[in-house]
Amino acid sequence: MEKQMFCFQCEQTMGGTGCTGRAGVCGKSAPAAKLQDELTGALIGLARTAAANAPTSKTNRIILEGLFTTITNVNFDVATIQLMIDKVNAEKDAISPNSAANYDVEQIWNDNEDVRSLKSLILFGIRGIAAYAYHALMLDYTDKEVDAFFLKALTALGENWGMNELLPIVMETGKANFACMELLDKANTETYGTPQPTSVPLTIEKGPFIVISGHDLHDLKLLLEQTKDKGINIYTHGEMLPAHAYPLLKQYSHLKGNFGTAWQNQQKEFDNIPGPILFTTNCLMPVRSSYADRVFTTEVVSYPEIVHIGDTKDYTPVIEKALELGGYAEAQHFTGINGGATVMTGFGHGTVLAVADTVINAVKAGTIRHFFLVGGCDGARPGRNYYTDFVKKTPADTVILTLACGKYRFNDLDLGTIGGLPRIMDMGQCNDAYSAIKVAIALAKAFDCSVNELPLSIVLSWYEQKAVCILLTLLYLGIQNIYLGPTLPAFVSPNVLNYLVENFHLTPISTPEEDLKKILG
Numbered sequence: 182m183e184k185q186m187f188c189f190q191c192e193q194t195m196g197g198t199g200c201t202g203r204a205g206v207c208g209k210s211a212p213a214a215k216l217q218d219e220l221t222g223a224l225i226g227l228a229r230t231a232a233a234n235a236p237t238s239k240t241n242r243i244i245l246e247g248l249f250t251t252i253t254n255v256n257f258d259v260a261t262i263q264l265m266i267d268k269v270n271a272e273k274d275a276i277s278p279n280s281a282a283n284y285d286v287e288q289i290w291n292d293n294e295d296v297r298s299l300k301s302l303i304l305f306g307i308r309g310i311a312a313y314a315y316h317a318l319m320l321d322y323t324d325k326e327v328d329a330f331f332l333k334a335l336t337a338l339g340e341n342w343g344m345n346e347l348l349p350i351v352m353e354t355g356k357a358n359f360a361c362m363e364l365l366d367k368a369n370t371e372t373y374g375t376p377q378p379t380s381v382p383l384t385i386e387k388g389p390f391i392v393i394s395g396h397d398l399h400d401l402k403l404l405l406e407q408t409k410d411k412g413i414n415i416y417t418h419g420e421m422l423p424a425h426a427y428p429l430l431k432q433y434s435h436l437k438g439n440f441g442t443a444w445q446n447q448q449k450e451f452d453n454i455p456g457p458i459l460f461t462t463n464c465l466m467p468v469r470s471s472y473a474d475r476v477f478t479t480e481v482v483s484y485p486e487i488v489h490i491g492d493t494k495d496y497t498p499v500i501e502k503a504l505e506l507g508g509y510a511e512a513q514h515f516t517g518i519n520g521g522a523t524v525m526t527g528f529g530h531g532t533v534l535a536v537a538d539t540v541i542n543a544v545k546a547g548t549i550r551h552f553f554l555v556g557g558c559d560g561a562r563p564g565r566n567y568y569t570d571f572v573k574k575t576p577a578d579t580v581i582l583t584l585a586c587g588k589y590r591f592n593d594l595d596l597g598t599i600g601g602l603p604r605i606m607d608m609g610q611c612n613d614a615y616s617a618i619k620v621a622i623a624l625a626k627a628f629d630c631s632v633n634e635l636p637l638s639i640v641l642s643w644y645e646q647k648a649v650c651i652l653l654t655l656l657y658l659g660i661q662n663i664y665l666g667p668t669l670p671a672f673v674s675p676n677v678l679n680y681l682v683e684n685f686h687l688t689p690i691s692t693p694e695e696d697l698k699k700i701l702g
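Residue 464 in this note's numbering sits at position 283 of the sequence shown; the count goes up by one each step and never skips.
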């Protein structure tokens, strides 16, 4: 069959090698995939132009929007992708009448596998960073060095470089993401307060409601303001769950709880839902007819024939739909994947480090034997039950730190407490990997050792590009012995994998029993 597209940026890619048919496994059409490649090529042209001339005040935001648009499960609409391409090209011309030509991304896909692998790590990494930088920008927080790195990385993608030139850029991608996660952490905590441990119910009360999905806390704040005193309850979904822990957002009494489980279950869980769903970021799955009339998108999220809330941020159509649908006639008592009725969140670095003495004393006394960071993206591919089973099999004298949507595999489990703390502690969204890193560095300092010498093991699940940039950050920081699954990325060539194994002891997951035995002895 003739190749109609090529995409291998997410974990579910066809056959573990790449999607090449009329549509990707994610539901993205071949025309949309090709336009995303064209958009990436235009961004490379924009970066080259901006590097040779003075960028305008709009350049950085356009780069963030363009990169964010190409993340998996964000934009399925050829019309809006084309508009983004036009926007990038217009910005090039605004910078210079002699702007650089757009790059043909097919050159990357057709390059030798090692160069393709390293350029993919850079490209997919900056796509993830762009999402975090975009959320920070919405709160008026920026970092000039991070903005400059986007230009550097995009320019490097268009160069005819080998492994020796590209490897430092790969590591620098991890460095830039660390700075960006720190920036977003500062933006969120200074705007909304330091997250507090919070129990979140999974029950949906009777009456009108709106479900908000994604990562953008700014959109949630705007929605809460616009729905105040209107008799409409707000429920988070997916990566929006940690919003319940922020003091400023907790003040809204109509922010009630969390709807549903992991993002990949949405087509079943949203079936005939009597309330609207607002998507602020990924992960949006192809929308089914049973709830298509009640899905709304905003920011760079777009889907054909779905109502989009633009820059005015007027959520009136969402509010009207909530009142029209009316919600459930009686309260609905939903549960997590394992049957739990509530989930906990809010264990960011501010909370954990506040009780650092308790944690350190528990380790010294032998009460806490080991820490596991089990986090990352969730997905539908078979094998992800590994993470549920792994957590269930961890000994009672161990602590599980978690973050991102992979936690839905086990975050409703009640594993008890240890040293006065719950054994499962949700640190937040994927970008809150910064919290986990900050805690690890503080513990290493307290025990006068390196992070790699701590009784800490990192077990990651990956799905899309934000997980890529987080992995690169861990590698940049020199953190070793990371367990990665459920499969290895299709874009990592054998030579690049060997490099990661030899230098960082990156290990594919096997079985929970074997990996726990290897870790704990």
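Virtual Cβ for every residue (Gly too), placed ideally from N, Cα, C.
Quick caveat: nothing in here was measured; it's all calculated off a predicted structure.
Residue environment, residue i, which counts as buried when at least 16 other CB atoms sit within 10 Å
i, result
"D452", "exposed"
"E246", "buried"
"H530", "buried"
"E708", "For residue 708 there is no data in the structure shown, the boundaries of the chain being 182 and 702."
"R203", "exposed"
"E326", "exposed"
"N612", "buried"
"C630", "exposed"
"L429", "exposed"
"H686", "exposed"
"T598", "exposed"
"P563", "exposed"
Boundaries of the alpha helix (DSSP H) in which residue i is found, first to last residue
i, result
"D295", "294 to 319"
"I391", "Per DSSP, I391 belongs to no alpha helix (DSSP H); it is in the beta strand (DSSP E), 390 to 394."
"T150", "With the chain covering 182 to 702 only, the question about residue 150 has no answer from this structure."
"G226", "211 to 233"
"G531", "530 to 535"
Extent of the continuous beta strand (DSSP E) run through residue i
i, result
"G197", "Segment: none, G197 is in no beta strand (DSSP E) and carries neither H nor E."
"M606", "605 to 607"
"F187", "F187 -> no beta strand (DSSP E), and no H or E assigned at all."
"L637", "637 to 642"
"S616", "Counting along the chain, S616 falls outside any beta strand (DSSP E), though it belongs to the alpha helix (DSSP H) covering 614 to 627."
"P382", "379 to 382"
"H425", "Careful: H425 lies outside any beta strand (DSSP E) and carries neither H nor E."
"T526", "523 to 526"
"I663", "Neither: I663 is in no beta strand (DSSP E) and is coded neither H nor E."
Whole-angstrom distance between residue j and residue i, CA atom to CA atom
i, j, result
"E486", "P378", "39 Å"
"G199", "E287", "14 Å"
"S400", "E501", "A small correction: the amino acid at residue 400 is Asp; Ser does not occupy that position in the sequence shown. Distance between the alpha carbons of D400 and E501 is about 17 Å."
"G438", "Q610", "16 Å"
"N345", "D292", "15 Å"
"A664", "L584", "In the sequence as presented, Ala is not what sits at residue 664; that position holds Tyr. Cα to Cα, Y664 sits roughly 15 Å from L584."
"I660", "C361", "18 Å"
"L422", "V649", "22 Å"
"Y509", "Q263", "39 Å"
"L594", "A671", "32 Å"
"Y644", "G560", "6 Å"
"S616", "N358", "13 Å"
"G197", "A368", "37 Å"
"I225", "Q193", "26 Å"
"E294", "L681", "15 Å"
"K768", "A503", "Here the chain has residues from 182 to 702 only, and residue 768 is not among them."
"L658", "K356", "8 Å"
"T523", "S380", "6 Å"
Residues near residue i by beta carbon distance below 7 Å, same chain, minus five either side
i, result
"L318", "R242, L245"
"V481", "E246, F249, T250, V255, N256"
"Q407", "Y496, I500"
"K626", "none"
"I622", "V632"
"V468", "V476, Y484, I487"
Close-in-space but distant-in-sequence residues of the same chain around residue i (CB under 6 Å, 5 per side omitted)
i, result
"D578", "R550"
"G419", "S394, W444, C586"
"K300", "I289, L338"
"F571", "P693"
"Q432", "none"
"Y472", "F451, I454"
"L459", "I393, F477, V499"
Nearest-angstrom beta carbon gap, residue j and residue i [assumed within contact, 8 Å]
i, j, result
"N463", "I252", "6 Å"
"I266", "L220", "5 Å"
"F528", "D474", "At roughly 38 Å, the Cβ-Cβ gap does not stay under 8 Å, so F528 and D474 are not in contact."
"I303", "I350", "5 Å"
"T575", "L697", "7 Å"
C-beta neighbour in chain C for residue i, strict 9 Å
i, result
"Q661", "No chain C appears in the structure shown, which is made up of a single protein chain."
Own chain residues within Cβ distance below 8 Å of residue i, not counting five before or after
i, result
"A282", "G226"
"I490", "L459, F477, T478, T479, Y496, P498, V499"
"N519", "T569, F591, D593, L594"
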